[in-house]
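What follows is a single structure, written as C-alpha cells, with notes after it.
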Amino acid sequence: VTMPVPVPVQVLRLPRGPDGCSRGFSPTSPRFQALLGGSAAAQGVRAALRQRYLRGLAAARGRPTRFCLRAGVRVDAVFGAADVEAVAFQVDALRTPLGVQAAALLRCTDVLAYSFLL
Amino acid sequence: MNDWQRKSPLDWETYVNKMVKVAAIEKHEYEGWVLTVDPVSASIVLATFLENEKVSISVVLGHAVQEVEILKEGDDEMKQRLSCIFAPEESKAYSPEELEKRKNDLKTWLETNHIPVTEQGESGRTLCVAGVLTIDPPYGPEECSSSNEIILSRVQGLIQGYLEKQQ
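So the protein lines, in turn, are chains C and U. Every letter in the first sequence is one number past the one before it in UniProt numbering, and letter 89, counting from 1, is 89. Every letter in the second sequence is one number past the one before it in UniProt numbering, and letter 10, counting from 1, is 10.
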C-alpha cells in the first residue's frame with residue numbers, strides 16, 4: 001500500500017502592510033532584538049525610558065502642537081495619538097495652506113521634531 | 001538608521017536629566033533638559049522651563065538626530081522637577097492607612113468575585129490582577145496598567161462600579 005501524496009497547502013500571500021514588512025514588525029528592529037533577550041539591566045532601562053515616553057505622549061494628547069517637517073515646513077495641529085511602531089502621528093485640526101484638515105496622519109519620517117506647552 | 005538610533009538603552013540613559021544641545025538634520029538645533037529617549041524611535045524628549053511657570057516640551061525624532069552634546073548635569077532638585085513633569089496627577093491625598101484600607105478592600109472584593117489578585121512591589125503596594133494587570137495607589141480605574149486593552153477596559157469598568165457602590 002503506497003502512502004497518498006500529501007496535497008500541498010496553498011500559501012496565501014497577504015499584501016504588504018504600510019510598514020513594508022508584512023510580518024507585523026521587522027525581525028531586525030532593535031525592538032525585536034530586545035525581545036530576544038539582552039541583559040536584564042538593559043531591558044529594565046529600556047522599559048523605564050519607554051514608560052516615560054508613553055506618559056509624555058499621554059501628556060501631549062489634546063494640546064496644540066507645532067510640527068517641524070522637512071524643508072523648513074512647519075504646521076500646527078492638535079496632538080491626537082502616536083502608534084506603537086513610530087510610523088505616524090494622528091492629529092486633529094491640522095492647519096495647512098489649503099485649509100484646516102479635521103483629522104490627519106503625519107508620517108514620522110516626515111517629522112523632524114514637534115513641541116507643545118504643558 | 002543613524003548612530004544615535006543604534007545606541008543601547010544604557011547609553012541613552014546617560015543623557016537623561018542632562019541639559020543637552022541636539023543638532024538635527026537640515027541645520028536645526030534644540031536645547032533642553034532630557035526627560036527621556038524613546039527606545040523604539042530613539043526620539044529625544046526635551047523640557048525647557050519658561051518664565052511663566054509653563055514647560056515647553058520638544059521631541060526630536062530619532063531619525064533626525066545628528067549629534068547630541070551634553071552641556072551640563074542636572075542637580076537633585078532639577079532631577080526631582082523633571083521627574084514630576086509627566087507624573088500622573090494625584091488628585092486627592094490619602095494617608096498611608098487610608099491607602100492600605102483601599103487596597104485591602106479592593107483586593108477582598110476582587111477575590112470575592114473570583115478574580116485572582118496578588119500584591120507586589122515594595123511593601124506590596126501594587127495589586128496584580130491575573131498576572132496581566134497592575135493597580136497602583138490609590139487603586140482607582142486610572143491607576144490600572146496592562147498591555148491587554150480588553151482586560152484593562154473590563155477591570156476599569158469593574159473598579160468604577162465597585163467605587164460607585166462604595167459611596
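Glycine included, each C-beta is placed from N, C-alpha and C at the ideal position.
Handout entry: Within chain U, the residues that L118 of chain C reaches when beta carbons sit closer than 8 angstroms
Key = Mapped onto the first sequence, residue 118 of chain C falls at position 118. The contacting residues are K54, V55, S56, I57, I85.
Exercise for the section: Starting from the Cα of V40 of chain U, find the closest Cα among C:V45, C:D110, C:A41, C:S39 and give me that residue. Expected result: Sequence index remark: in the second sequence, residue 40 of chain U carries index 40 (1-based). It is C:V45.
Problem - Near-chain U residues of the region 79-110 of chain C - C-beta to any C-beta below 8 angstroms - result: V84, E85, A86, C108, T109
Exercise for the section: Mind checking which residues open and close the beta strand (DSSP E) that includes A93 of chain C? Expected result: One-based indexing of the first sequence puts residue 93 of chain C at position 93. First-last of the beta strand (DSSP E) with A93 of chain C: 88-96.
Handout entry: Interfacial residues, the region 17-43 of chain U to chain C, with Cβ spacing under 8 angstroms
Key = A24, I25, E26, H28, Y30, L35, T36, V37, D38, P39, V40, S41, S43
Exercise for the section: May I have the straight-line CA-CA distance separating N52 of chain U from S115 of chain C, to the nearest angstrom? Expected result: The count along the second sequence starts at 1 and reaches residue 52 of chain U at position 52. The count along the first sequence starts at 1 and reaches residue 115 of chain C at position 115. Approximately 17 angstroms, taken between the alpha carbons.
Practice task
Note down the Cα distance separating I57 of chain U from V111 of chain C, rounded to an integer number of angstroms.
Solution key: Within the second sequence, residue 57 of chain U is the residue found at index 57, counting from 1. Within the first sequence, residue 111 of chain C is the residue found at index 111, counting from 1. Cα to Cα, the separation comes out at about 15 angstroms.
Exercise for the section: Spell out whether any CB of chain U is found under 8 angstroms from the CB atom of L49 of chain C. Expected result: By one-based count along the first sequence, residue 49 of chain C stands at place 49. Yes, L49 of chain C lies at the interface with chain U (some Cβ there is under 8 angstroms from its Cβ).
Exercise for the section: Could you tell me which chain U residues have their CB closer than 9 angstroms to the CB of L112 of chain C, listed as they occur along the chain? Expected result: Position 112 of the first sequence holds residue 112 of chain C. Those are A24, I25, E26, H28, V60, L61, H63, A64, listed as they occur along chain U.
Exercise for the section: Pick out the complete alpha helix (DSSP H) segments inside the region 27-58 of chain C, 4 residues or longer, and give them in chain order. Expected result: 30-36
Handout entry: Unbroken alpha helix (DSSP H) run spanning R102 of chain U, endpoints
Key = In the second sequence, the residue the question calls residue 102 of chain U occupies position 102. Counting along the chain, the alpha helix (DSSP H) containing R102 of chain U begins and ends at 96-112.
Problem - Residues bridged to F67 of chain C [DSSP beta-bridge criterion] - result: Mapped onto the first sequence, residue 67 of chain C falls at position 67. DSSP, once it has assigned bridges, lists C:V75, C:Y114 as partnering F67 of chain C.
Exercise for the section: Can you tell me the Cβ-Cβ gap for F89 of chain C and L69 of chain C, rounded? I've got them flagged as a contact below 8 angstroms. Expected result: By 1-based counting over the first sequence, the position of residue 89 of chain C is 89. By 1-based counting over the first sequence, the position of residue 69 of chain C is 69. That pair is no contact at about 11 angstroms.
Problem - Nonlocal neighbours in the same chain, by C-beta distance under 8 angstroms from K7 of chain U, ignoring five residues either side - result: As a position in the second sequence, residue 7 of chain U is number 7, starting the count at 1. Closer than 8 angstroms at the Cβ level, and outside the excluded window around K7 of chain U, lie A42.
Exercise for the section: Answer yes or no: do L133 of chain U and L106 of chain U have a C-beta to C-beta separation smaller than 8 angstroms? Expected result: Start at 1 with the first residue of the second sequence, and residue 133 of chain U comes out as number 133. Start at 1 with the first residue of the second sequence, and residue 106 of chain U comes out as number 106. No, these two residues do not count as a Cβ contact at 8 angstroms.
Exercise for the section: Kindly indicate if chain U contains any beta-carbon less than 8 angstroms away from that of V45 of chain C. Expected result: For this step, residue 45 of chain C is matched to residue 45 along the first sequence. Answer yes: the Cβ-Cβ gap between V45 of chain C and chain U drops below 8 angstroms somewhere.
Problem - Contact the region 79-89 of chain U vs the region 19-28 of chain U: 3+ CB pairs below 8 angstroms - result: no
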